[in-house]
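One structure is given below, encoded as structure tokens.
In structure tokens:
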């Protein structure tokens, strides 16, 4: 009974928090969005507060190690589910590259589009040039870009091989690639099933179960130095090893 009340209360709080910040985004944005700089800075202010607020409502204790990069930048990290998105948004000034089907999710898809998410259909190789062009436009505006080169989420038992396709963007524009590793710990539960969202897990059931836990821990470890510009395959290999090393250093690694 207590778990149901906790989850229900948190779900209501999530909806109210999202509605409030969405209203604020549109109301104040009528003035702030008149210039590119104003639009970018206002988006960062809203999305950071939104993500940080959601994590707090969910009972997350977020530990940030290292220094997040300043825009413009390209940042890559490991991917274990939707919580990663909140952790990254709460700690960086950036826009995300996310799976295409997210755009069709009721409510969430609209919110993602509003906050400037770039959607990619990884089942269609022809979609890569369009996404790369959108990423270059974002960087040209002085914004940051975050993507998950594993191409899918996992249980956190390890880092999946990186796909090199989107590494063509930092390679072409001559930007270094920043790295980060995200890990979770769940007292009284199994982070690999109760926090990480992967495989054929359904979103609604997973989120409800997550909200029943009193608290959980998340940690994001930023790399000490970015990877200097190179061709996309070299960047991909170097980024993989950097993220893997950062992940193995984490005391909250979900593989434990």
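Residue numbers (my numbering): 36 to 291.
All C-beta atoms, glycine included, are put in the ideal place defined by N, C-alpha and C.
Meets three-Cβ-pair contact criterion under 8 angstroms: the region 152-166 and the region 102-110: no
What first and last residue would you give for the alpha helix (DSSP H) that runs through residue 135? As a working note, residue 135 is residue 100 in the chain shown. Unbroken run through residue 135: none, as it is neither H nor E.
With DSSP as the reference, label residue 116 as helix, strand or coil. Position 81 of the chain shown, counted from the first residue, corresponds to residue 116. DSSP places residue 116 in coil when its eight states are reduced to three.
List the residues that DSSP assigns as beta-bridge partners of residue 150. As a first step, residue 150 must be located in the chain shown, where it is residue number 115. Answer is none; residue 150 lacks a bridge partner.
Output yes if chain C places a C-beta closer than 8 angstroms to the C-beta of residue 254; else output no. Of the protein chains in the structure, only one exists, and it is not chain C.
Opposing strand residues paired with residue 212 [DSSP bridges]: Position 177 of the chain shown, counted from the start, is the residue given in the question as residue 212. 109 and 262.
Own chain, CB closer than 7 angstroms to residue 249, minus 5 neighbours either side, in chain order: Along the chain shown, read from residue 1 onward, the residue named residue 249 stands at position 214. Excluding positions up to five away in sequence, the list reads 94.
Which residue or residues does DSSP assign as beta-bridge partners of residue 252? Here residue 252 refers to the residue found at position 217 when the chain shown is read from its first residue. Partner(s): 96 and 220.
Does the count of Cβ pairs from the region 214-223 and the region 131-142 closer than 8 angstroms reach three? no
My understanding is that residue 100 touches residue 246, with C-beta atoms under 8 angstroms, so please give their C-beta distance in whole angstroms. Along the chain shown, read from residue 1 onward, the residue named residue 100 stands at position 65. Along the chain shown, read from residue 1 onward, the residue named residue 246 stands at position 211. Rounded, the Cβ-Cβ distance is 26 angstroms, inconsistent with contact.
Taking its Cβ as the centre, do 16 or more other Cβ atoms sit within 10 Å of residue 116, making it buried, or is it exposed? As a first step, residue 116 must be located in the chain shown, where it is residue number 81. Under this definition residue 116 is a buried residue.
Nearest candidate by alpha-carbon position, reference residue 164, set 176, 177, 202 and 193: For the purposes of this step, residue 164 is taken as the residue at position 129 of the chain shown. Residue 164 has its Cα closest to that of 202, out of 176, 177, 202 and 193.
With a Cβ-Cβ cutoff of 8 angstroms, do residue 212 and residue 262 count as a contact? Indexing the chain shown from 1 puts residue 212 at position 177. Indexing the chain shown from 1 puts residue 262 at position 227. Their beta carbons are under 8 angstroms apart, which means residue 212 touches residue 262 by this criterion.
Which one of 145, 241, 79 and 174 has the shortest CA to CA distance from residue 209? For the purposes of this step, residue 209 is identified with residue 174 of the chain shown, where counting begins at 1. Comparing Cα positions, the closest option is 174.
For residue 271, I'd like the list of residues in its chain whose CB is within less than 8 angstroms of its CB, leaving aside the five on either flank, ordered along the chain. Here residue 271 refers to the residue found at position 236 of the chain shown. Correct list, in chain order: 184, 197, 198, 199 and 202.
Excluding the 5 residues preceding and the 5 following residue 49 in the sequence, name in chain order all residues of the same chain whose CB lies nearer than 7 angstroms to its CB. The sequence position of residue 49 within the chain shown is 14, counting from 1. 89 and 92.
What residue range is occupied by the uninterrupted alpha helix (DSSP H) comprising residue 173? In the chain shown, the residue the question calls residue 173 occupies position 138. Run containing residue 173: 162-175, per the alpha helix (DSSP H) assignment.
Counted within 10 angstroms of its Cβ, other Cβ atoms place residue 63 as buried (16 or more) or exposed: Numbered from 1 along the chain shown, position 28 holds the residue referred to as residue 63. Label assigned to residue 63: exposed.
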